[in-house]
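Asker: Okay, handing you the structure first.
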Amino acid sequence: MARLAQTADLTDIQQEILATVRSFVDKEIIPHAQELEHADAYPTEIVEGLKELGIFGLMIPEEYGGLGESLLTYALVVEEIARGWMSVSGVINTHFIVAYMIRQHGTQAQKEHFLPRMATGEVRGAFSMSEPGLGSDVAGIRTKAVRDGDSYVIDGQKMWLTNGGSSTLVAALVRTDLGADKAHQNLTTFLVEKPAGFGTVAPGLTIPGKIDKMGYKGVDTTELVFDGYRTSADAILGGEPGRGFAQMMDGVEVGRVNVAARACGISIRAFELAVEYAQQRETFGKPIVAHQAIAFQLAEMATKVEAAHLMMVNAARLKDAGRRNDVEAGMAKLLASEYCAEVTTQSFRIHGGYGYSKEYEIERLMREAPFLLIGEGTSEIQKTIISRGLLREYGIER
Ligand SMILES: Cc1cc2nc3c(=O)[nH]c(=O)nc-3n(C[C@H](O)[C@H](O)[C@H](O)COP(=O)(O)OP(=O)(O)OC[C@H]3O[C@@H](n4cnc5c(N)ncnc54)[C@H](O)[C@@H]3O)c2cc1C
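With UniProt numbering, letter number 158 in the sequence shown gets 158, and the count goes up by one each step, no holes.
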């Protein structure tokens with residue numbers, strides 16, 4: 001995109017990475033996305049290509065074999081990938097969150113054990129908070145780990161694991177009754193290693209089949225059932241129980257920047273498709289773009305793309321600078337995902353009847369956009385985070 005969603009002050013390395021990814025997206029993702037998505041087929045060749053580009057290790061420190069890049073670089077890469085096909089960004093996102101959590105909160109042994117193999121994409125991460133009975137209300141988690149000598153035994157059911165089948169490492173948030181007053185202080189993250197695949201993949205650990213979704217196809221989303229699954233205390237992220245909630249919230253916070261970036265990528269693509277179609281399609285003797293109503297739609301869409309991109313970049317840069325960004329990440333995620341739903345709908349309408357045909361890309365984008373209103377916390381949850389943050393700053397003495 002020549003003009004929209006440009007980012008000021010990128011380093012030469014960042015520009016080089018983005019140019020490489022953009023070219024990969026144009027050549028290897030966009031031409032295949034429709035077919036793979038309609039077949040709900042896992043994008044194996046694309047994933048292998050991303051491994052070769054080092055994308056799985058983008059934010060993993062160089063000492064562990066990664067590229068040691070910033071959250072901003074990662075978010076801009078995700079924006080490019082989602083412009084091609086959101087499901088591919090889903091393949092790397094949970095991996096990125098788990099690698100980030102291990103980097104931030106893991107013991108030295110956990111970093112050495114996982115990060116080098118995560119950097120190459122040999123170990124692939126999924127993260128699991130949600131359960132059949134809860135998503136927003138994380139503190140209500142019921143899946144339970146009970147200590148038994150040097151081990152823990154886990155029982156319960158988790159839900160909505162993106163990459164649940166294809167991953168080999170799941171960061172799972174479960175209850176460990178430690179007697180803390182506040183429910184969230186009893187939660188612990190376990191690093192669960194397993195083979196990729198479906199069915200009973202380890203004693204006491206079952207990944208039932210893929211959940212059939214309206215969009216976001218290709219990438220597998222699954223349940224996970226623990227039934228007397230036994231693991232060691234060494235599998236606790238950071239080594240100590242009771243810290244899981246804070247660790248996961250840290251992971252989800254960078255995940256929100258990533259969801260905002262995905263929304264930007266889809267919006268950019270929806271705009272690209274609309275601006276091209278509006279110049280080709282003629283009605284009443286002129287291209288539809290010559291009707292002011294359509295030109296103004298394009299102006300609105302481009303403005304939304306630009307606003308969302310700027311907020312996403314701001315949230316990423318704050319985190320990279322070591323500053324708190326919960327409010328800004330929440331705002332970026334809220335605005336980018338809501339705008340994405342609007343921009344894809346506007347593009348769909350500009351396509352007229354053809355937008356409803358599966359031959360046109362906008363049909364897929366229309367099914368992808370709604371997930372962004374839900375994943376990493378719904379819009380209502382973002383507003384809760386934003387308003388709480390604002391009251392911390394603007395609260396008055398009573
Ligand atoms: C395709 C897909 C992939 C996913 N991948 C993962 C994953 O990899 N790992 C994972 O852990 N989870 C994953 N999720 C789960 C996702 O994070 C949850 O669906 C999401 O957090 C919402 O939770 P819920 O579905 O239980 O909705 P609920 O929490 O039941 O919410 C239902 C509705 O009530 C609203 N609501 C809830 N509480 C409040 C409140 N306090 N105030 C106002 N409104 C409220 C919500 O905004 C929503 O509109 C995935 C979901 C999908 C659809």
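For every residue, glycine included, the Cβ atom is placed at its ideal position computed from N, Cα and C. On a predicted model such as this, the values are computed, not experimentally measured, just so you know.
Among Lys213, Ala299 and His32, which one has its Cα closest to the Cα of Val275?
Answerer: When only C-alpha atoms are compared, the closest one is Ala299.
Asker: Drop a sphere of 10 angstroms on the beta-carbon of Thr303, count the other beta-carbons inside from all chains shown, and report buried for 16 or more, exposed for fewer.
Answerer: With fewer than 16 other Cβ atoms within 10 Å, it is exposed.
Asker: Starting from Leu161, follow the beta strand (DSSP E) in both directions and report where the run begins and ends.
Answerer: It spans Ser151 to Thr162 - the beta strand (DSSP E) in which Leu161 sits, taken as one unbroken run.
Asker: Could you tell me whether the segment 101-118 touches the segment 73-82, where touching means 3 or more Cβ pairs closer than 8 Å?
Answerer: These segments do not touch.
Asker: In three-state DSSP terms, what is Ala290?
Answerer: Note: Ala290 maps to helix in three-state DSSP.
Asker: Is Glu223 near ligand 1, going by C-beta to nearest heavy atom under 7 Å?
Answerer: No - ligand 1 has no heavy atom lying nearer than 7 Å to the Cβ of Glu223.
Asker: Do residue 421 and ligand 1 come close, with the Cβ less than 7 Å from some heavy atom?
Answerer: Residue 421 is absent from the structure shown; the chain starts at 1 and stops at 398.
Asker: Does Thr120 come out as helix, strand or coil in the three-state DSSP assignment?
Answerer: Here Thr120 sits in helix by DSSP.
Asker: DSSP puts Leu134 in a beta bridge; with which residues?
Answerer: DSSP output for Leu134 lists Glu131 as bridge partner(s).
Asker: Report all residues from its chain with a CB closer than 8 Å to the CB of Glu338; omit the five preceding and five following residues, and keep chain order.
Answerer: Correct list, in chain order: Leu373 and Ser379.
Asker: Is Lys304 helix, strand or coil by DSSP?
Answerer: Of the three classes helix, strand and coil, the one that applies to Lys304 here is helix, per DSSP.
Asker: Less than 8 Å between C-beta atoms, sequence neighbours within five positions excluded: which residues of the same chain meet that for Gln157?
Answerer: So the qualifying residues of the chain are Glu131, Pro132, Thr143, Glu223, Leu224, Val225 and Phe226.
Asker: Per DSSP, what kind of secondary structure is Phe284 in: helix, strand or coil?
Answerer: Phe284: coil per DSSP, three-state reduction.
Asker: Please report the distance separating the alpha-carbon of Met1 from that of Gly218.
Answerer: In this predicted model, Met1 has a pLDDT of only 49, less than 50, meaning its place in the structure is not dependable enough to derive any value.
Asker: Hey, Ala119 and Tyr64: beta-carbon distance below 8 Å or not?
Answerer: Yes; because the gap between Cβ atoms is below 8 Å, this pair is in contact.
Asker: Among Glu253, Val327 and Ala308, which residue has its Cα nearest to the Cα of Thr94?
Answerer: Nearest option by C-alpha distance: Glu253.
Asker: Could you name the residues of the same chain whose beta carbon sits closer than 7 Å to that of Ala369, not counting the 5 residues immediately before and after it, in chain order?
Answerer: The answer, listed in chain order, is Ile266, Cys340, Ala341 and Thr344.
Asker: Here's the rule: buried if 16 or more other CB atoms are within 10 angstroms of the residue's CB, otherwise exposed. What is Phe96?
Answerer: With 16 or more other Cβ atoms within 10 Å, it is buried.
Asker: Gly215 by DSSP, collapsed to three states: which one?
Answerer: DSSP places Gly215 in coil when its eight states are reduced to three.
Asker: Assuming Leu4 contacts Val305 under a Cβ cut-off of 8 Å, what Cβ separation, rounded to an integer in Å, is found between them?
Answerer: Going by Cβ atoms, the distance from Leu4 to Val305 rounds to 5 Å, so yes, they are a contact pair.
Asker: Please identify the residue among Tyr216, Ala260 and Phe190 whose C-alpha is closest to the C-alpha of Glu37.
Answerer: Out of Tyr216, Ala260 and Phe190, Tyr216 has the C-alpha closest to the C-alpha of Glu37.
Asker: Going by the DSSP bridge assignment, what does Gly355 pair with across the sheet?
Answerer: Its beta-bridge partners do not exist; DSSP assigns none.
Asker: Rounded to whole angstroms, how far is the Cβ of Ile46 from the Cβ of Glu28, which I believe are closer than 8 Å?
Answerer: Contact flag correct, Cβ pair sits at about 6 Å.
Asker: Decide if the segment 179-194 is in contact with the segment 242-261; the criterion is three or more beta carbon pairs, one per stretch, under 8 Å apart.
Answerer: The segment 179-194 is in contact with the segment 242-261.
Asker: Count the other CB atoms within 10 Å of the CB of Arg364; is the residue buried (16 or more) or exposed (fewer)?
Answerer: The residue in question, Arg364, is buried, as its Cβ has 16 or more Cβ neighbours within 10 Å.
Asker: Are Gln382 and Leu334 touching if we call contact CB-CB under 8 Å?
Answerer: A contact, by the Cβ cut-off of 8 Å.
Asker: Just to check, is the beta-carbon of Leu161 closer than 7 Å to a non-hydrogen atom of ligand 1?
Answerer: Flag set: Cβ of Leu161 near ligand 1.
Asker: Just to confirm, does residue 400 get its C-beta within under 7 Å of one of the non-hydrogen atoms of ligand 1?
Answerer: The requested residue 400 is not part of the displayed model; the chain covers only 1 to 398.
Asker: Given 7 Å as the limit, tell me if residue 450 has its C-beta closer than that to any heavy atom belonging to ligand 1.
Answerer: The displayed coordinates of the chain run from 1 to 398. Any statement about residue 450 would go beyond what the structure contains.
Asker: I believe Cys153 touches Arg230 by the beta-carbon criterion, under 8 Å. Please report the beta-carbon distance rounded to the nearest angstrom.
Answerer: Correcting the residue type first, residue 153 is Val in the shown sequence and not Cys. Val153 to Arg230, Cβ: 5 Å. Contact.
Asker: Within the same chain, show all residues whose beta-carbon is closer than 7 Å to that of Ile92, passing over the 5 residues directly before and after it, in chain order.
Answerer: Answer for Ile92: Leu50, Ile55 and Phe56, listed in chain order.
Asker: Give me, in chain order, the residues of the same chain whose beta-carbon lies closer than 8 Å to that of Ser314; leave out the 5 immediate sequence neighbours on both sides.
Answerer: With the sequence shown as reference, residue 314 is identified as Asn, and Ser is not the correct amino acid for it. The answer, listed in chain order, is Glu328 and Ala332.
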